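Undergrad: This is the structure I have questions about; it appears just below.
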Amino acid sequence: MKWLPLLDQYDDLANLQQHCLQCHRCSLRDNARGVVFGDGAPDARLMFVGEAPGVDEDRLGKPFVGAAGQLLEKIMESVGLQRSDVYITNIAKCRPPGNRIPKKDEAEACFVYLVRQIELIQPRLIVCLGALSTQYLVHNDAKITVVRGNVYEKGGIKIVPTFHPAAILRDANKKKPVWEDFKKIKELYDQVSTSKNEPQ
Ligand code: SF4
Numbered sequence: 000m001k002w003l004p005l006l007d008q009y010d011d012l013a014n015l016q017q018h019c020l021q022c023h024r025c026s027l028r029d030n031a032r033g034v035v036f037g038d039g040a041p042d043a044r045l046m047f048v049g050e051a052p053g054v055d056e057d058r059l060g061k062p063f064v065g066a067a068g069q070l071l072e073k074i075m076e077s078v079g080l081q082r083s084d085v086y087i088t089n090i091a092k093c094r095p096p097g098n099r100i101p102k103k104d105e106a107e108a109c110f111v112y113l114v115r116q117i118e119l120i121q122p123r124l125i126v127c128l129g130a131l132s133t134q135y136l137v138h139n140d141a142k143i144t145v146v147r148g149n150v151y152e153k154g155g156i157k158i159v160p161t162f163h164p165a166a167i168l169r170d171a172n173k174k175k176p177v178w179e180d181f182k183k184i185k186e187l188y189d190q191v192s193t194s195k196n197e198p199q
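For the sequence shown, numbering that gives the first Met the number 0 gives the first residue as 0, with consecutive numbering after it.
As structure tokens, then:
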């Protein structure tokens, strides 16, 4: 993937986080308690990208800690993945009012942070949780119901879209396909964890 060279003056994740915590690039910051930058291993091979923080994430300053986050951890554990092995973040780092999906201008304003997070963490595998991150990282017309479970590759990074865990909480029929996707994700994770991290 050829990422735009924005924010490249921030050459480590902690510096980027400090910068992001002060961000007011879009109006989402006006109603949020704070910026939820991301959480996990700074050298993780596997990165999860969701949509935006919810009320619990906004309160605790950490992504995926509410009901959807707890479900995500259970699904991960069911295939042998631990939260401590991965890095988790969102397209938008501030909570949208009423937990709505981030608007286009908000997501675009925030996407530069995700680009730099990916450049600094250098994951070998990214899992898009839901439609928004799939549209930003796979294709802007991608429909999650069509592309979920597929494996894409950009710039040496494998990308797998699946349903957002919040979608499973709303519709139990999505549980089985997500579990199938996670079995594939674990296989890919094992592959990228044993291969050398060579530039593509
Ligand atoms: S959502 Fe992103 S771009 Fe908007 S204020 Fe928060 S950190 Fe900045």
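Note that beta-carbon positions come from the ideal geometry of N, C-alpha and C, so glycine has one too.
Please read these numbers as outputs of a predicted model, since none were measured by experiment.
Once the 5 residues before and after Q16 are set aside, which same chain residues still bring their CB inside 6 Å of it?
TA: The answer, listed in chain order, is F36.
Undergrad: Helix, strand or coil: how does DSSP classify F181 here?
TA: Helix at F181.
Undergrad: Taking the straight line between their C-alpha atoms, what separation do you get for W2 and T144?
TA: Since pLDDT at W2 reaches only 48, below the 50 mark, its modelled position is unreliable, and the value read off the structure follows with that caveat. Whole-angstrom Cα-Cα distance: 26 Å.
Undergrad: Quick one, are the C-beta atoms of A67 and A165 less than 9 Å apart?
TA: Result yes, Cβ atoms of A67 and A165 sit closer than 9 Å.
Undergrad: When the Cα of C127 is compared with those of R147, V114, R99, which residue comes out closest?
TA: Minimum Cα distance to C127 is reached at R147.
Undergrad: Whether or not the segment 178-197 and the segment 88-95 are in contact is what I'm after, with contact meaning three or more pairs of Cβ atoms, one per stretch, closer than 8 Å; do they touch?
TA: Result no; under three Cβ-Cβ pairs closer than 8 Å.
Undergrad: Kindly indicate which three-state DSSP category D189 falls into: helix, strand or coil?
TA: In the structure shown, D189 sits in a helix (DSSP, three-state: H, G or I).
Undergrad: From Q21, I100, V177, Y151, pick the residue whose C-alpha is nearest to that of R32; which is it?
TA: Per the Cα distances, Q21.
Undergrad: Please report the straight-line C-alpha distance between P198 and L168, rounded to a whole angstrom.
TA: Note on P198: pLDDT 47, under 50, position unreliable in the model; no value is reported.
Undergrad: Sorry if obvious, but does the Cβ on V34 come closer than 8 Å to a heavy atom of the ligand SF4?
TA: Because some heavy atom of the ligand SF4 lies under 8 Å away, the Cβ of V34 counts as near it: yes.
Undergrad: How is V79 classed by DSSP in three states: helix, strand or coil?
TA: For the record, residue 79 in the displayed sequence is Gly; it is not Val. Reduced to three states, the DSSP call for G79 is coil.
Undergrad: In chain order, which beta strand (DSSP E) runs of at least 3 residues are fully inside the segment 33-111?
TA: Fully enclosed beta strand (DSSP E) runs of 3 or longer: 45-49, 85-89.
Undergrad: Is it the case that the Cβ atoms of V159 and K174 are separated by a distance below 9 Å?
TA: No, they are not a contact pair.
Undergrad: Do A51 and L27 have their CB atoms nearer than 9 Å?
TA: Yes.
Undergrad: Quick check: the Cα distance between N139 and E56, rounded to an integer number of angstroms?
TA: Approximately 26 Å, taken between the alpha carbons.
Undergrad: Taking the alpha-carbon positions, what's the V72 to R82 distance?
TA: At residue 72 the sequence reads Glu, which differs from the Val that was named. One C-alpha to the other measures close to 6 Å.
Undergrad: Express the C-alpha separation of K153 and I87 in angstroms, rounding to a whole number.
TA: The alpha-carbon atoms of I87 and K153 are separated by roughly 19 Å.
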